[in-house]
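Student:
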Amino acid sequence: MTAAAGGVVGVLALQGAVRPHQHVLEGLGVTTTLVRSPDDLESVDAMVLPGGESTTIWMLAQANGLAAALKHRLDGGMPALGTCAGMILLAGTVLDGRADQGSLGALDVAVRRNAFGRQVASFEADLAVDGLAGPPFHAVFIRAPFVERVGDGVEVLASVDGHPVAIRQGAVLATAFHPELAGDDRIHRMFVGSLAG
Amino acid sequence: MTENERTTGTQLVKRGLAEMLTGGVIMDVVDAEQARIAEDAGAVAVMALERVPSDIRRDGGVARMSDPAMIEDIKAAVTIPVMAKARIGHFAEAQVLQSLGVDFVDESEVLTPADESHHIDKWAFEVPFVCGATNLGEALRRISEGAAMLRSKGEAGTGNIVEAVRHLRSIRGDIAKLTVADSAEQFEWAKRLGAPLPLVQEVAATGKLPVPLFCAGGIATPADASLVMQLGAEAVFVGSGIFKSSDPVRMASAVVEATTNYTDPVIVAKVSRGLGDAMPGLEIASLQTTFAERGW
Numbered sequence: 108m109t110a111a112a113g114g115v116v117g118v119l120a121l122q123g124a125v126r127p128h129q130h131v132l133e134g135l136g137v138t139t140t141l142v143r144s145p146d147d148l149e150s151v152d153a154m155v156l157p158g159g160e161s162t163t164i165w166m167l168a169q170a171n172g173l174a175a176a177l178k179h180r181l182d183g184g185m186p187a188l189g190t191c192a193g194m195i196l197l198a199g200t201v202l203d204g205r206a207d208q209g210s211l212g213a214l215d216v217a218v219r220r221n222a223f224g225r226q227v228a229s230f231e232a233d234l235a236v237d238g239l240a241g242p243p244f245h246a247v248f249i250r251a252p253f254v255e256r257v258g259d260g261v262e263v264l265a266s267v268d269g270h271p272v273a274i275r276q277g278a279v280l281a282t283a284f285h286p287e288l289a290g291d292d293r294i295h296r297m298f299v300g301s302l303a304g
Numbered sequence: 009m010t011e012n013e014r015t016t017g018t019q020l021v022k023r024g025l026a027e028m029l030t031g032g033v034i035m036d037v038v039d040a041e042q043a044r045i046a047e048d049a050g051a052v053a054v055m056a057l058e059r060v061p062s063d064i065r066r067d068g069g070v071a072r073m074s075d076p077a078m079i080e081d082i083k084a085a086v087t088i089p090v091m092a093k094a095r096i097g098h099f100a101e102a103q104v105l106q107s108l109g110v111d112f113v114d115e116s117e118v119l120t121p122a123d124e125s126h127h128i129d130k131w132a133f134e135v136p137f138v139c140g141a142t143n144l145g146e147a148l149r150r151i152s153e154g155a156a157m158l159r160s161k162g163e164a165g166t167g168n169i170v171e172a173v174r175h176l177r178s179i180r181g182d183i184a185k186l187t188v189a190d191s192a193e194q195f196e197w198a199k200r201l202g203a204p205l206p207l208v209q210e211v212a213a214t215g216k217l218p219v220p221l222f223c224a225g226g227i228a229t230p231a232d233a234s235l236v237m238q239l240g241a242e243a244v245f246v247g248s249g250i251f252k253s254s255d256p257v258r259m260a261s262a263v264v265e266a267t268t269n270y271t272d273p274v275i276v277a278k279v280s281r282g283l284g285d286a287m288p289g290l291e292i293a294s295l296q297t298t299f300a301e302r303g304w
């Protein structure tokens, strides 16, 4: 649908749920490419940062210079969608991370890792998300983070028990849950739709 | 926003965690210090156990679930998911592990089986399970019992990749053949595999297992990790291969980098350089006990 207008969407492919995101994006007619190195980043117009282990992804991105290259592109206004670990990577501040864990600072928020608890507390819930037409979004939370402090200019699109779990700041959209696993492409449509404009 | 009703322990959140670990390395650790080394190296999860498989093999005797105190130490030491092993069929050990809040239970042939004909009913648990498989029939039986992740059994504690390769090729090869079987042939496949027909039909239609397939059993070098990823494994378990090598800190990082960049031999070469000795290896024919034959 918005393929040509949206350009190429890169999917960060160092570790994690890369293929489910690619699958949803390709279902929307979007051209995707996997991004593992700074060179891979040059051909993309926007990025999806999937879920996975944020400590692992950050370490690998630091090691080959991809973190710095991503930060440079994001500072320059590149649109991005981050889910779960991707939200953590995009945040300004990471709480309950490793001592040496940095982040890309594209969202003026503090995000707490594993904020809902360990795997046995992982859950599904129907969620009202601002800007999505139709029924509630069926959201899948896996050892999920939530947002603890929100800066000016950050829109909160959805919350669980008062904790923001879907946010947007400029061209950057992030969810604590996994829209790529739910069989509902509305969050991806919202992101892809924003690229055309 | 009002209150959100939460549903826990679903197939989606169980398989979802398995999906989040793809592309990563899960390392066996026996104490908090090893767990920190694993996390520092970029492991996506650790497997907490008292003895790595090569030591279990050497010591003989009955191998059981680890001491809860040790599992709790490891949980406290790292922020990444913590897995632990229960004996095949030992649902009481699995109940204990779930109560400890581990993130994944491995119903593992590396421990001594507790039941000669029944695996654990994994649907009865909130915690997700990973199980080993040597072929597609075994894989689908484990999924029918509720496993959220599969791994090759390989031959743990040998540092010999040949069995894991055999298992991966068998599972992936049969999946490929199944995709060209017509509907009548699928009945025969179900019978031959000893697997539920609906799962056989699902695999025939999608060309893949409904849960992620990881590799375990015998990975000892970065090139081993690259090999099995290229053969279709979605992530790797490294048991004895890290902490029985001569330089565990470097070996751990090297296997992580090789797993991420498994298609790039230049990077695999770079991380393999000057790594020191990999774990001592064993010929499969010389083994007194083959773990892979445990389970059915």
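Each protein sequence line maps, in turn, to chains A and B. Here this note's numbering is used: the first residue of the first sequence is 108, the next is one more, and so on. Here this note's numbering is used: the first residue of the second sequence is 9, the next is one more, and so on. Backbone N, C-alpha and C define an ideal beta-carbon position, used for all residues, glycine too.
Have a look at B/D129, B/I183 and B/R65 and flag the residue whose alpha-carbon is nearest the alpha-carbon of B/Q296.
Tutor: Within the second sequence, numbered from 1, the residue matching residue 296 of chain B stands at position 288. Comparing Cα positions, the closest option is B/R65.
Student: Return the CA-CA distance between A/V201 and B/L158, expressed in angstroms with no decimal places.
Tutor: Within the first sequence, residue 201 of chain A is the residue found at index 94, counting from 1. Within the second sequence, residue 158 of chain B is the residue found at index 150, counting from 1. Rounded to whole angstroms, A/V201 to B/L158 spans 32 Å at the Cα level.
Student: Please classify B/I34: does DSSP put it in a helix, a strand, or coil?
Tutor: Translated into positions along the second sequence, residue 34 of chain B becomes position 26. Strand at B/I34.
Student: Do the stretch 201–219 of chain A and the stretch 103–112 of chain B touch if we need at least three Cβ pairs shorter than 8 Å?
Tutor: No contact exists between the stretch 201–219 of chain A and the stretch 103–112 of chain B.
Student: So the alpha helix (DSSP H) B/D63 belongs to, where does it begin and stop?
Tutor: Counting from one through the second sequence, the residue named residue 63 of chain B turns up at place 55. Its alpha helix (DSSP H) spans residues P61 to D67.
Student: Distance cutoff 8 Å, beta carbons only. Does B/T16 sit that close to anything in chain A?
Tutor: Position 8 of the second sequence, counting from 1, holds the residue named residue 16 of chain B. Closer than 8 Å to some Cβ of chain A, the Cβ of B/T16 qualifies, so yes.
Student: How would you write the range of the beta strand (DSSP E) that B/M55 sits in, first residue to last?
Tutor: As a working mapping, residue 55 of chain B is identified with position 47 in the second sequence. Run containing B/M55: A53 to A56, per the beta strand (DSSP E) assignment.
Student: Just tell me which of B/S253, B/Q209, B/L217 and B/K216 has its CA closest to the CA of B/P230.
Tutor: Here residue 230 of chain B corresponds to residue number 222 of the second sequence, with the count starting at 1. Looking at the Cα atoms, B/S253 is the closest of the given residues.
Student: Please name the residue in A/P145, A/A240, A/D259 and A/L181 whose C-alpha comes closest to that of A/G212.
Tutor: Locating residue 212 of chain A in the first sequence gives position 105, counting from the first residue. Closest by alpha carbon: A/L181.
Student: Just verifying my parser: in three-state terms, what is the DSSP assignment at B/I227?
Tutor: Within the second sequence, numbered from 1, the residue matching residue 227 of chain B stands at position 219. Coil at B/I227, not helix or strand.
Student: B/L148 CB to nearest chain A CB: under 8 Å?
Tutor: Taking the second sequence and counting its residues from 1, one reaches residue 148 of chain B at position 140. So no, B/L148 is outside the interface.
Student: Are at least three pairs of beta-carbons, each pair with one atom in the stretch 158–170 of chain B and one in the stretch 129–141 of chain B, less than 8 Å apart?
Tutor: Yes: the two stretches touch, three or more of their Cβ pairs being nearer than 8 Å.
Student: Mind checking if A/D233 is an interface residue toward chain B, Cβ cutoff 8 Å exclusive?
Tutor: For the purposes of this step, residue 233 of chain A is taken as residue 126 along the first sequence, with counting starting at 1. So, interface residue.
Student: Between which two residues does the alpha helix (DSSP H) carrying A/H179 extend?
Tutor: Residue mapping note: residue 179 of chain A aligns to position 72 of the first sequence, counting from 1. Looking at the DSSP string, the run of the alpha helix (DSSP H) that includes A/H179 is L173 to D182.
Student: Taking 8 Å as the CB-CB limit, is A/F230 close to chain B?
Tutor: On the first sequence, position 123 is the one that residue 230 of chain A refers to. Yes, because at least one Cβ of chain B sits closer than 8 Å to the Cβ of A/F230.
Student: Is B/M9 close to chain A, meaning its C-beta is less than 8 Å from at least one C-beta of that chain?
Tutor: Residue mapping note: residue 9 of chain B aligns to position 1 of the second sequence, counting from 1. Residue placement at B/M9 cannot be trusted, given a pLDDT of 42 that sits under 50; what the coordinates show is reported in the next sentence. Yes, B/M9 lies at the interface with chain A (some Cβ there is under 8 Å from its Cβ).
Student: Do the CB positions of B/V244 and B/M237 come within less than 8 Å of each other?
Tutor: On the second sequence, position 236 is the one that residue 244 of chain B refers to. On the second sequence, position 229 is the one that residue 237 of chain B refers to. Yes, the Cβ-Cβ distance between B/V244 and B/M237 is below 8 Å.
Student: Using a threshold of 8 Å, state whether the C-beta atoms of B/V170 and B/I292 are closer than that.
Tutor: Taking the second sequence and counting its residues from 1, one reaches residue 170 of chain B at position 162. Taking the second sequence and counting its residues from 1, one reaches residue 292 of chain B at position 284. In this structure, B/I292 lies closer than 8 Å to B/V170 by Cβ.
Student: In the DSSP assignment, find the alpha helix (DSSP H) that holds A/A120 and state where it starts and stops.
Tutor: In the first sequence, counting from the first residue as 1, residue 120 of chain A sits at position 13. First-last for A/A120: undefined, no H or E at that position.
Student: Spatial neighbours of B/H98 within its chain, please: C-beta separation below 6 Å, excluding the five flanking residues on both sides.
Tutor: Counting from one through the second sequence, the residue named residue 98 of chain B turns up at place 90. Once the five neighbours on either side are set aside, the close Cβ partners of B/H98 are A122.
Student: Give me, in chain order, the residues of the same chain whose beta-carbon lies closer than 6 Å to that of A/S210; leave out the 5 immediate sequence neighbours on both sides.
Tutor: Indexing the first sequence from 1 puts residue 210 of chain A at position 103. Contacts found: L196, A198 and V201.
Student: Thinking B/L25 and A/R219 are a contact (beta carbons under 8 Å), I'd like their distance in whole angstroms, please.
Tutor: Translated into positions along the second sequence, residue 25 of chain B becomes position 17. Translated into positions along the first sequence, residue 219 of chain A becomes position 112. B/L25 to A/R219, Cβ: 18 Å. No contact.
Student: Does any CB atom of chain B fall closer than 8 Å to the CB of A/I249?
Tutor: Sequence index remark: in the first sequence, residue 249 of chain A carries index 142 (1-based). At least one chain B Cβ lies under 8 Å of A/I249.
Student: Going by DSSP in three states, B/S1 sits in which element: helix, strand or coil?
Tutor: Past the boundaries of the shown model lies residue 1 of chain B; chain B is included only from 9 to 304, so the question cannot be answered.
Student: Can you give the Cα-Cα distance for B/N12 and B/P136, rounded to whole angstroms?
Tutor: Within the second sequence, the letter at position 4 stands for residue 12 of chain B. Within the second sequence, the letter at position 128 stands for residue 136 of chain B. About 23 Å.
Student: Mind checking who A/L141 pairs with in its DSSP beta bridge?
Tutor: Residue numbering aside, residue 141 of chain A sits at position 34 when the first sequence is read from its first letter. According to DSSP, which records beta bridges pairwise, A/L141 is partnered with A/V118.
Student: Measure how close the beta-carbons of A/A246 and A/L264 come, nearest whole angstrom, since I'm counting them as under 8 Å.
Tutor: Here the question's residue 246 of chain A lines up with position 139 in the first sequence. Here the question's residue 264 of chain A lines up with position 157 in the first sequence. Not really, about 11 Å apart at Cβ, beyond 8 Å.
Student: Along the alpha helix (DSSP H) that carries A/A213, what are the first and last residues, could you check?
Tutor: Your numbering for residue 213 of chain A matches position 106 in the first sequence. Per DSSP, A/A213 belongs to no alpha helix (DSSP H) and is neither H nor E.
Student: Among A/L214, A/Q226, A/L135 and A/G114, which one has its Cα closest to the Cα of A/E287?
Tutor: Counting from one through the first sequence, the residue named residue 287 of chain A turns up at place 180. Cα-wise, what sits closest to A/E287 is A/L135.
Student: Is there a Cβ from chain B that is less than 8 Å from the Cβ of A/D203?
Tutor: For this step, residue 203 of chain A is matched to residue 96 along the first sequence. Chain B contact via Cβ: present.
Student: State the Cα-Cα distance for the pair B/S280 and B/Y270, rounded to the nearest angstrom.
Tutor: Looking up residue 280 of chain B in the second sequence gives position 272. Looking up residue 270 of chain B in the second sequence gives position 262. So the alpha carbons of these two residues sit roughly 12 Å apart.
Student: How far does the alpha helix (DSSP H) with A/H128 in it reach, from first residue to last?
Tutor: As a working mapping, residue 128 of chain A is identified with position 21 in the first sequence. Element bounds for A/H128: V125 to G134.
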